[in-house]
Amino acid sequence: MGDAAVTMLNTSTEENRLREEIAEIGRSFRQLGMAPGTSGNISAKLDNGWLMTPTNASLGALDPAEISKLDWDGNLITGKPPTKESFLHRAFYDQRADAGGIIHLHATHSSAVSCLNGLDPHSCLPPITPYFVMRVGRLPLIPYYRPGDPALGEAVREYAANYSAVLLANHGPVVAGKTLEAARNAIEELEETAKLFLLLRQHDVRTLNEDDIEALRQAFGASW
Ligand code: ZN
Numbered sequence: 004m005g006d007a008a009v010t011m012l013n014t015s016t017e018e019n020r021l022r023e024e025i026a027e028i029g030r031s032f033r034q035l036g037m038a039p040g041t042s043g044n045i046s047a048k049l050d051n052g053w054l055m056t057p058t059n060a061s062l063g064a065l066d067p068a069e070i071s072k073l074d075w076d077g078n079l080i081t082g083k084p085p086t087k088e089s090f091l092h093r094a095f096y097d098q099r100a101d102a103g104g105i106i107h108l109h110a111t112h113s114s115a116v117s118c119l120n121g122l123d124p125h126s127c128l129p130p131i132t133p134y135f136v137m138r139v140g141r142l143p144l145i146p147y148y149r150p151g152d153p154a155l156g157e158a159v160r161e162y163a164a165n166y167s168a169v170l171l172a173n174h175g176p177v178v179a180g181k182t183l184e185a186a187r188n189a190i191e192e193l194e195e196t197a198k199l200f201l202l203l204r205q206h207d208v209r210t211l212n213e214d215d216i217e218a219l220r221q222a223f224g225a226s227w
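Here it is, written out as C-alpha cells:
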C-alpha cells in the first residue's frame, strides 16, 4: 500500500472514530438533560474538513453515518445538511488553529445565566471553583442576536481568538477544546459552574482571589 493510501485509510479511521465519539457525547448530553429537544450541536475537525451534527437532529439519537462532513469552503461532502448554527463553530475554527472540537448547547443552567441582567460582559461567571478557572477560563457574554443572524457569527469571531468559551445572551454557551473530549469536559464544567452560581446567588460567596488564581496559572497553566 502506498503512502497516500495509508494516509487515506488513517484519515477515514480517525473520521469514523470521531463520528462515533460525537454520537456517544450526544447521547450522554441527552441523558444528563443538557440537550433538550433538537437543541445543541457538536463538531470535530478533520485533516480534510470537519464533522458537524445535522440540522433538526436530537443529540440523543445521532446516526454516526448521517453526521454532516463539510469542507472548509462550506460544501457538504457527506451526510445530512448541517445545523443552521454551523457558523458558530466555524467562527471558532477560523480563530483558533488548535481547536479540535467545538460544542454548543442550550443547557438549562448556563442558558439561565445567559438571561440574567447585570452580568460582567468580560467574565460572566465568577471564579468560584479552580476547575472552572482551569477548564473554561473567563467567559465573555456575546450580546443578544436573533437566531441565524450573521452578525452573531461576527461577534463570536471577535472573541474566539482570545477565549475558548463564550456565552450567547438569552441563548447558551459555545466551547472549543483542543480535542472533542476536552470541549466536552469544559462545557460540562461550565454547566456545573452555572448551576453553582445560581444556587449561590443569595449567599455570601468566597470566590477565588488573585493569589489563588495565580497559583493555578503557575501549577496548571490556567489562563484567567
Ligand atoms: Zn443555539
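Numbering (this note's numbering), first residue to last: 4 to 227.
Glycine is no exception: its CB is placed at the ideal position from the N, C-alpha and C atoms.
Per DSSP, Ala79 forms a beta bridge with which residues? A small correction: the amino acid at residue 79 is Leu; Ala does not occupy that position in the sequence shown. Beta-bridge partners of Leu79 (DSSP): Leu73.
Of the residues Leu35, Val208, Glu69, Ala186, the one placed nearest Gly103, counting alpha carbons only: Considering only Leu35, Val208, Glu69, Ala186, the residue with the shortest C-alpha distance to Gly103 is Ala186.
Over what stretch of residues does the beta strand (DSSP E) that includes Val169 continue unbroken? Start and end: 168-171.
Any heavy atom of the ligand ZN closer than 7 angstroms to the beta-carbon of Gly175? The ligand ZN has a heavy atom closer than 7 angstroms to the beta-carbon of Gly175.
With 16 as the cutoff for other CB atoms within 10 Å, does Arg209 come out buried or exposed? So Arg209 ends up on the exposed side.
Can you tell me the Cα-Cα spacing of Ser31 and Thr182, whole angstroms? Ser31 and Thr182 have their C-alpha atoms some 17 angstroms from each other.
Please return the same chain residues whose Cβ sits closer than 7 angstroms to the Cβ of Met137, not counting the five positions on each side in sequence. Contacts found: Leu219, Phe223, Ala225.
What are the boundary residues of the beta strand (DSSP E) that includes Ile106? In this chain, the beta strand (DSSP E) harbouring Ile106 covers 104-107.
contact_flag[the region 58-69, the region 129-136] where n(CB pairs < 8 angstroms) is 3 or more: Cβ pair count under 8 angstroms is below three, so no.
Looking at Ala100 and Arg160, is the spacing between their C-beta atoms short of 8 angstroms? No. Outside cutoff.
If you compare alpha carbons, which of Gln34, Lys83, Ala38, Ser89 is closest to Lys48? Taking only the C-alpha atoms, the option nearest Lys48 is Ser89.
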